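Mapping of the sequence shown onto the working numbering: position 231 corresponds to residue 231, and the numbering continues sequentially without gaps.
The block underneath contains the structure these notes are about, expressed in structure tokens.
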Amino acid sequence: MDIERRLANHYTRWNLRTSEEEQFITFKNRVIKVSNDVLEKLLIVRPEIDHKFQQLLRQHSAEEPTIRRSQLVQRPNSPMLQAAREAQKFAESFYQYESTEKGFGDTHVYKAIKSSNSFDDLITIIQILFWILEEEVALEHQRDFAKKLRDASSLTPLMKFNFAIRGKTVVLYPVGDKFLDQGVTDYVISGLEKYPDVAKHFEKALAFYQSGDISSYRNLLDNLRFAMEQLLKEVLGNNKSLENQKDFLLRWLSGKEIHPHAVNMYHSLLFKEYTLYQNAAVKHNEAFSVDEVEFMIYLTATLVRFILQLDNKDN
């Protein structure tokens, strides 16, 4: 069921609008519900995980440390007051206090989520939680938890996020319109695990886009080119510039089980249109529109994805 689309249509049909603050409260409650369902038993049985989370969260929040200092303490100063306190203790001795079974509400994870005051604060708490879980929980369980949280966020449009798997780590990403497409960009982010130098440039480009700063588009496009160039260097095993990879890549592609027309199409797109745009427009620092920048992100991701797929088959 495409609940996100149905809710969006319902909100539009009835002209229902909720503020960012209201959506944050709703999203936070959903995060608590999902976390309770998934993590309660784990955190109660293994309290050291909850303790590690608390320690890492303290490094993020830089809380004021507890410093010992002198203070006034009330002492009984009369026999009557002392007798009254002894009588109270005697009365209380007839009662036995027992704690009920511990639950998710007793954990540092719950308290951190509950006390968060903004989406930025909450998403940081969730990311820190995944950093702890990567050492303690199987990847498939982390992925299931991340999917449930992402689904919860999709019901509050202003709080949406996405995630990618990098090695054993769940990495959270902001979501914009048509951005971080699961079939293209997410595949590239997760597929570049063994190519950290390529991933560095590609993720820089995404960060520039997400910043919304138009003046950074030149750097964005440069990093897309660097990512493409570095990938070919590593896959083809040489240190040549993008323009000088024509013959090497053509031989590499021709050795795959791909139709010659597809090989020629890819080769022509990369070494003619793509490099021509980079050399003619980007190097001369011309004005760039949001639409063309998004197009170049998706185009580069598609070009990279194709190489990764073929390379993964070989390995």
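All residues carry an ideal CB built from backbone N, CA and C; glycine is no exception.
No experiment lies behind these values; they were computed from the predicted model shown.
Cβ-based neighbour list, residue i, same chain, cut-off 8 angstroms, excluding 5 preceding and 5 following
i, result
"Lys114", "Lys28, Ile32"
"Lys222", "In the sequence under discussion, the amino acid at residue 222 is Asp, which differs from the Lys named in the question. Around Asp222: Val282."
"Glu257", "none"
"Glu243", "Phe271, Thr275"
"Leu57", "His108, Ala112, Ile125, Ile128"
"Glu86", "none"
"Leu303", "Met228, Tyr266, Leu269, Leu270, Tyr274"
"Pro260", "Ser254"
"Ser216", "Phe208"
"Ile214", "Phe288, Val290"
One or two residues paired with residue i in a DSSP bridge
i, result
"Tyr173", "Asn162"
Per-residue burial, residue i [other beta carbons within 10 Å of its own, 16 or more giving buried]
i, result
"Gln142", "buried"
"Tyr195", "buried"
"Asp177", "Unreliable placement is indicated for Asp177, whose pLDDT of 44 sits below 50; the coordinate value is still reported in the next sentence. Per the 10 Å Cβ criterion, exposed."
"Thr300", "buried"
"Arg225", "buried"
"Trp252", "buried"
"Phe119", "buried"
"Leu180", "Residue placement at Leu180 is flagged as unreliable, the pLDDT there being 47, under the threshold of 50; the coordinate-derived value follows with that caveat. Per the 10 Å Cβ criterion, buried."
"Ser70", "exposed"
"Val290", "exposed"
"Met80", "exposed"
"Ser154", "buried"
"Met265", "exposed"
"Asp90", "The sequence given here has Phe at residue 90, not Asp. Answer is exposed; the Cβ neighbour count stays below 16."
"Leu72", "exposed"
"Ala262", "exposed"
Beta-carbon proximity list for residue i, same chain, < 6 angstroms, skipping 5 on both sides
i, result
"Gly191", "Leu308"
"Ile44", "Lys102"
"Ala227", "Val198, His201, Phe202"
"Gln127", "Leu172"
"Glu20", "Leu158"
"Lys148", "Val34"
"Arg30", "Ala152"
Continuous alpha helix (DSSP H) stretch holding residue i: start and end
i, result
"Tyr217", "217–236"
"Ser115", "108–115"
"His60", "47–61"
"Trp131", "119–133"
"Ile214", "Segment: none, Ile214 is in no alpha helix (DSSP H) and carries neither H nor E."
"Tyr97", "Premise fails: Tyr97 is in no alpha helix (DSSP H) and is neither H nor E."
"Phe295", "290–314"
"His284", "Looking at the DSSP string, His284 is not in any alpha helix (DSSP H), and its letter there is neither H nor E."
"Val184", "Note, Val184: premise wrong, no alpha helix (DSSP H); not H, not E."
"His261", "260–268"
"Lys148", "139–154"
"Ser320", "The requested residue 320 does not occur in the structure, where the chain is confined to residues 1 to 315."
Other residues of its chain near residue i: CB distance less than 7 angstroms, five sequence neighbours each side excluded
i, result
"Ala164", "Val171, Tyr173, Asp186, Ile189, Ser190"
"Arg150", "Phe161, Asn162, Phe163"
"Asp311", "Val235"
"Leu220", "Ala205, Phe208, Tyr209, Val293"
"Thr124", "His60"
"Ala83", "none"
"Thr26", "Thr156"
"His284", "none"
"Met296", "Leu221, Leu224"
beta-carbon residue i near the ligand FAD non-hydrogen atom, thresh 7 angstroms
i, result
"Ser19", "Here there are no bound small molecules, and the ligand FAD is not part of this structure."
Exercise for the section: Decide if the segment 163–171 is in contact with the segment 274–281; the criterion is three or more beta carbon pairs, one per stretch, under 8 angstroms apart. Expected result: Output reads no: the segment 274–281 does not touch the segment 163–171.
Exercise for the section: Determine contact between the segment 34–44 and the segment 103–121, defined as no fewer than three beta-carbon pairs at a distance below 8 angstroms. Expected result: Short answer: they touch.
Exercise for the section: Spell out a yes or no on whether the segment 131–148 and the segment 41–50 are touching, meaning 3 or more CB-CB pairs, one atom from each, closer than 8 angstroms. Expected result: yes
Exercise for the section: Determine, using beta-carbon pairs with one atom in the segment 115–134 and one in the segment 88–98, whether at least three such pairs fall under 8 angstroms. Expected result: no
Practice task
Flag this pair as touching only if the segment 246–253 and the segment 229–237 have three or more C-beta atom pairs under 8 angstroms; answer yes or no.
Solution key: yes
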